[in-house]
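Colleague:
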Amino acid sequence: MAQPVSAFQAAYISIEVLIALVSVPGNVLVIWAVKMNQALRDATFCFIVSLAVADVAVGALVIPLAIVIDVGPQTQFYSCLMVACPVLILTQSSILALLAIAVDRYLRVKIPVRYKSMVTPKRAAVAIACCWIVSFVVGLTPMFGWNNLNKMREAQMVNASHVGLVIKCRFETVISMEYMVYFNFFVWVLPPLLLMFIIYLEVFTLIRKQLNKKVSSNSTDPQKYYGKELKIAKSLALVLFLFALSWLPLHILNCITLFCPSCQKPIILTYIAILLTHGNSAMNPIVYAFKIQKFRTAFLQIWNQYFCCKTNKNINNINNTELDN
């Protein structure tokens, strides 16, 4: 049976519940806004919906499972492994969605004339499906054998043929740190983050060049286009920055665990790192609301019609001026 919950654990669980209560409604609102409004249905916002779906799942699934793991129930090894794997799947999905968003913004400023013919809704849907397939493969790799089962059997001197190994369910107990560092972090987290950093630098460079060029030629339409692209790129780069800021501390702690087993890690740092990763799922809707005019307008109209009992006959036909790219 699980041990009684301590005051420290109770505080941690309370914060997790608060994050879930912010994350789920906020990201549902993002999905709702895109679904309701035709102007929000280009490729970028499809990728944002994929990211929001992952964040909803963090609040609705991962956080409850994290609370279960924190309590530390006695379970069979593979049952605990199934509880630990969803966060790996959803993290990878978020990273790939962010990468797809970065590539999409690059194409919008690199080939603006050919963009719509190249980035079609069908191709965006295929890209999203591929992102989720890769995420499931990467996140479920521990289920395929890269886990701590053999270490647990050796530690408990359990016969190799015994499949009912019962353990105290903890993430580090079942998930191999070699997998987390060498495969998850060094292959599927760090390189995409670095690639996205390079892509956004190139996006900002291209936009600045175009703005300077169009200012000299007194052409206002291209200047307006690239000015809006710059604003959106800044907002999405902020989303990327917050993601990296939220997830890198936990991965750094994993590296310390693997490369310096004798090093002492204050338990409070581990809890803070975990809360940061979960809290990231609640940050994106806030960024969208404050930084992207399209979402701010859509959020306000949803609020006015459905929560303030204000009739808005034009809710499905949002002003193109406000919602134009």
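When the letters of the sequence shown are read in order and numbered with full-length UniProt numbering, they come out as residues 1 to 325. C-beta atoms are modelled at their ideal positions from N, C-alpha and C, and glycine is treated no differently. On a predicted model such as this, the values are computed, not experimentally measured, just so you know.
1. Kindly indicate the opening and closing residues of the alpha helix (DSSP H) around Thr173.
2. Going by DSSP, name the residue or residues bridged to Thr75.
3. Hey, would you say Phe183 sits closer than 9 Å to Trp146, going by beta carbons?
4. Could you give the first and the last residue of the continuous alpha helix (DSSP H) run that contains Ile19?
5. Give me the Cα-Cα distance between Leu65 and Val83, rounded to the nearest whole angstrom.
6. Spell out a yes or no on whether the segment 123-131 and the segment 85-102 are touching, meaning 3 or more CB-CB pairs, one atom from each, closer than 8 Å.
7. In or out: Phe307 buried (at least 16 other Cβ within 10 Å) or exposed?
8. Going by alpha carbons, who is nearest to Lys116 out of Ser50, Met143, Asp42 and Val62?
9. In this structure, does DSSP put Asn284 in helix, strand or coil?
10. Should Ser6 be flagged as near chain D, meaning a C-beta pair shorter than 9 Å?
11. Count the other CB atoms within 10 Å of the CB of Leu21; is the residue buried (16 or more) or exposed (fewer)?
12. What does Lys147 pair with, by DSSP beta-bridge criteria?
13. Whole angstroms is fine: what's the gap from Val137's alpha carbon to Pro73's?
14. Rounding to the nearest angstrom, what Cα-Cα distance links residue 358 and Pro25 in this structure?
15. Out of Ser176, Pro249 and Tyr271, point me to the one whose CA is closest to Ile63's CA.
16. Is the separation between the beta-carbon of Ile267 and that of Ala233 shorter than 9 Å?
17. Can you tell me the Cβ-Cβ gap for Leu238 and Val181, rounded? I've got them flagged as a contact below 8 Å.
18. Taking the alpha carbon of Met196 as the reference point, which residue from Ala54, Ile167, Leu211 and Leu240 has its own alpha carbon closest?
Modeller: Quick look at the numbers:
1. For Thr173, the uninterrupted alpha helix (DSSP H) segment begins and ends at Phe171 to Val174.
2. In the DSSP output, where bridge partners are listed per residue, Thr75 has Ile167.
3. Cβ distance < 9 Å, so Phe183 and Trp146 count as in contact.
4. Ala7 to Met36 is the extent of the alpha helix (DSSP H) around Ile19.
5. Between the alpha carbons of Leu65 and Val83 lies a distance of about 6 Å.
6. Judged by Cβ distances under 8 Å, the segment 123-131 makes contact with the segment 85-102, as three or more pairs qualify.
7. It counts as exposed.
8. For Lys116, the nearest C-alpha among the options comes from Asp42.
9. If DSSP states are grouped into helix, strand and coil, Asn284 belongs with the helices.
10. Of the protein chains in the structure, only one exists, and it is not chain D.
11. Exposed, by the Cβ-count rule.
12. At residue 147 the sequence reads Asn, which differs from the Lys that was named. Under DSSP, Asn147 forms a beta bridge with Ile175.
13. Their backbone Cα atoms lie some 27 Å apart in a straight line.
14. Nothing about residue 358 can be read from this structure; the chain reaches only from 1 to 325.
15. Comparing alpha carbon positions, the residue from Ser176, Pro249 and Tyr271 closest to Ile63 is Tyr271.
16. The beta carbons of Ile267 and Ala233 sit no closer together than 9 Å.
17. That belief does not hold up - the Cβ atoms of Leu238 and Val181 are roughly 28 Å apart, past 8 Å.
18. In terms of Cα proximity to Met196, the closest of Ala54, Ile167, Leu211 and Leu240 is Leu240.
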